[in-house]
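In the working numbering, the protein residues as written are 54 to 962. One structure is given below, encoded as structure tokens.
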């Protein structure tokens, strides 16, 4: 029995604590009135922030909230947002005669249960209640078959938490000092898995940058027999194979002896074949084959397939799967097991037979071995819940669009996993042609399925591969015999170029991480979300493109923390954590070896203490050509261009690099193109009639802007471009202190190429005085800011809808805006979607577009739409869930600035 085993005769209810408020209602209904079901709403406590550590414990816990000198003891505090939740749980505990900790059945769920036990300190019996699906039978069975808390699993999860704190808090500050900040000033971070994932994306881009494309040619012809036709491709010339893309290495060199034809060779040969006009079937080969279904979904394979087939991000996939699980439609979605229970196998086979006939299933049920060495076999694969699977059509009316699509995917994969093999026959025909004195052989293949088997239900998607261009399209061949003569028509030369490895997508990155043994499937979605948020990676369609910031971060980690981003070392850490979960290794000793070092590992502390000098400028530089270097600064990437013939003290020229230009696209040729491009900035727009100064438009490091400058010699202005030629500076001349010229940024809707003098003068006059509020006698101004156009009256600001309003808004309109509440129904047209009233507040639910993105609101509670979901994805049911979850979390803690305590004078001796 766990903590607090003193028992007395009581007749209260059994208190069941789950993680999510969404589960509460369903589980309460299944268990009945003898149970009270409450939610912890996730974790109730975590490692303390430095400000929350008491003064008397600062010496031991102050750096990490972990006492590294005394068993790596962590200092936990209850989250400010969870004090109300804890109070409610303690209230319910007073009338309970037993506690059932029913958090999720993975390691994190086990750790949450342990934290609840530590904080609540119940004096009644405590048991662990686990289930992998939320159905009436499963919940009742779980309540009757409880177990003790698994402290080995808790140890593994707490070790992971301590490890990640040590790693992140020691390495991240080095990034802050030597690399800078990420997207929109966000702090950079390093992490055990996120750093390895970032390195993988950067290494793939490096391969693409180093790749040398090779060109090769072949010929296609349309072979015709009677009414039937098919496409054949030239494969051999005089017995020697013709080059294909796979015959070249990444440097564009051949890996084996093949025939490489030039464009002129191919065109001449095609003309000769066209003149012959026919080909003879010289060989026909048929081979039977079978295809077996894939295993049911694990967390990893669900993320991959949802990315391929549903275009969902890993995070969005897990969000939708979580909803399906909590609503009782699928089993637990965080699992790396491919096994199915006996009842699930029976349900899948039963459904396959009812839909596709008796031959649809093999005589014996299928079982799947896990490829993951750390798979938790006690779990089940992700599948539809219950003893009998509900068809997608039968549940469609209860699910939103994304839930329907994902349930359909899971249902099909599960049913298909128990179905018969597909059987097919592939026929390859060789056509012989003699042309231009050469013996030519064309080949064509066609596949016919003789029994579709599991393909009736489901076919797995696939990731892009670099050799796809060499594969012929699927086609069927007519019945042929050796010696048959076919007409050769539409003979067409085809040019090809080899391509580098495709960039990772979320699906292929998840697959690669799992194959390397890095991280746990349950963390992949959050890891990808982190590297996107930090600005290490952006998405171009489905592809993950690393930023130059990621190159700098990875370079620093590779040069100074090589072990920590080594793939084998990172995977070994995961294996060690699994060993702790199995009770085979001791938590404290393992952390000591990682932090202080051992015979096989230097130790994190030794690495950080002996970093030496790091050249930040060199770290953020990549040589593109002899005169152009890519540098990454506070405001993004730029080219620093030197002139070998210029004075040694001459400043290099700065050339902005477009934000949407991927690293592998910044070739030497592209860099020269950017350098040679006409300068859009420094264009004279005209003269300010009020003071005679020139108005110039420029394209600066922080974006395009206009500037008011002193007049220059007319000869210094290029009449054709309007550009200002700077006078050469005298060496050794002292700088004169001059007042800063007036400048103003262009609006987002403006361009350096089209902005005119009148517009520039209006920009320079900003902020514009709109008028004076007669009630307060305060001046109202219109201006542009970091978050867009706004009005300002004293300390009170109000957003404007468009930048043009800065010029156009009248005093009357401004007063109307100030008369409305600062937040809430300012604009009748601001709602992107409107729904019926929320059942809790009784107020209509709307989706609005806010400063930080779209959000759901009922006028009282605001809930941001999660990353990966769009406004179109959110229906009334989803909106209600988002608001309910937000209410359950409580208000965000207020940020307060604490003043340092005044130093006391030393006591007199």
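Every residue gets a Cβ at the ideal spot worked out from N, C-alpha and C, and that includes glycine. Keep in mind it's a predicted model, so treat the numbers as computed, not measured.
Taking the C-beta atoms as reference points, residue 276 is found nearer than 7 Å to residue 285. A contact is defined here as three or more CB-CB pairs under 8 Å, and the region 455-463 fails this definition with respect to the region 473-487.
Counting along the chain, no beta strand (DSSP E) covers residue 369; the unbroken alpha helix (DSSP H) around it starts and ends at 367-379. Boundaries cannot be given for residue 873, as no beta strand (DSSP E) includes it and DSSP labels it neither H nor E. Judged by beta-carbon spacing, residue 799 lies beyond the 7 Å limit of residue 742, meaning their Cβ atoms are not closer than that value.
With contacts defined as CB atoms closer than 7 Å, residue 129 and residue 98 qualify as a contacting pair. Beyond the five residues adjoining it in sequence on each side, residue 884 comes within less than 7 Å, by CB distance, of 899, 900, 901 in the same chain, given in chain order. Cβ neighbours of residue 528 within its own chain (closer than 6 Å, five residues either side excluded): 283, 499.
In this structure, residue 597 and residue 566 do not form a Cβ contact; the two beta carbons are roughly 12 Å apart against a cut-off of 8 Å.
Contact between residue 614 and residue 660 is confirmed by a C-beta separation of about 6 Å, below the 8 Å threshold. Between residue 923 and residue 575, the C-beta gap is not smaller than 7 Å, which leaves the two residues out of contact. Residue burial is scored here from C-beta neighbours: residue 600 has at least 16 other C-beta atoms within 10 angstroms and is therefore classed as buried. Here the region 244-255 makes no contact with the region 187-207; the two share fewer than three CB pairs at distances below 8 Å. Residues 475 of the same chain have their beta carbon placed closer than 8 Å to that of residue 505, with the five preceding and five following residues left out of the count. With respect to the C-alpha of residue 385, the residue from 589, 364, 437, 92 having the closest C-alpha is 437. Exposure of residue 641 is indicated by the presence of fewer than 16 other C-beta atoms within 10 angstroms of its C-beta. Classified as exposed, residue 204 has fewer than 16 neighbouring CB atoms from the shown chains inside 10 Å of its CB. Secondary structure in the region 167-254: the alpha helix (DSSP H) runs of 4 residues or longer, each lying completely within the stretch, are 189-197, 204-231 in chain order. Within the model, the alpha-carbon separation for residue 66 versus residue 892 is close to 28 Å. Going by DSSP, residue 487 is part of no alpha helix (DSSP H) but of the beta strand (DSSP E) stretching over 475-488. For residue 147, there is no enclosing beta strand (DSSP E); the enclosing alpha helix (DSSP H) covers residues 136-147. Bounds of the alpha helix (DSSP H) holding residue 113 are 111-114. Looking at 865, 73, 828, 874, the one whose alpha-carbon comes closest to that of residue 850 is 874. If you draw a straight line from the Cα of residue 802 to the Cα of residue 939, it comes to about 36 Å. Per DSSP, the unbroken alpha helix (DSSP H) holding residue 815 starts and ends at 810-817. Within the same chain, 595 come within 8 Å of residue 364 by CB-CB distance, once the 5 residues on both sides are set aside. With respect to residue 546, residue 344 sits apart: the two C-beta atoms are not nearer than 7 Å.
Within the region 508-593, the complete beta strand (DSSP E) segments of 3 residues or longer fall at 538-550, 590-593, listed in chain order. In the three-state reduction of the DSSP assignment, residue 433 falls in the coil class. Contact between residue 629 and residue 638 holds, with the beta-carbon distance rounding to 6 Å and staying under 8 Å. For residue 897, the enclosing beta strand (DSSP E) stretches over residues 897-903. Residue 604: member of the alpha helix (DSSP H) spanning 601-613, first to last residue.
Relative to the Cα of residue 684, the nearest Cα in the group 665, 703, 708 belongs to 708. Under the three-state reduction of DSSP output, residue 70 falls in the strand class.
Spatial neighbours of residue 329 in its own chain (CB-CB distance under 8 Å, excluding positions within 5 residues in sequence) are listed in chain order as 486, 487, 488, 541. As the crow flies, the alpha-carbon of residue 95 is around 7 Å from that of residue 73.
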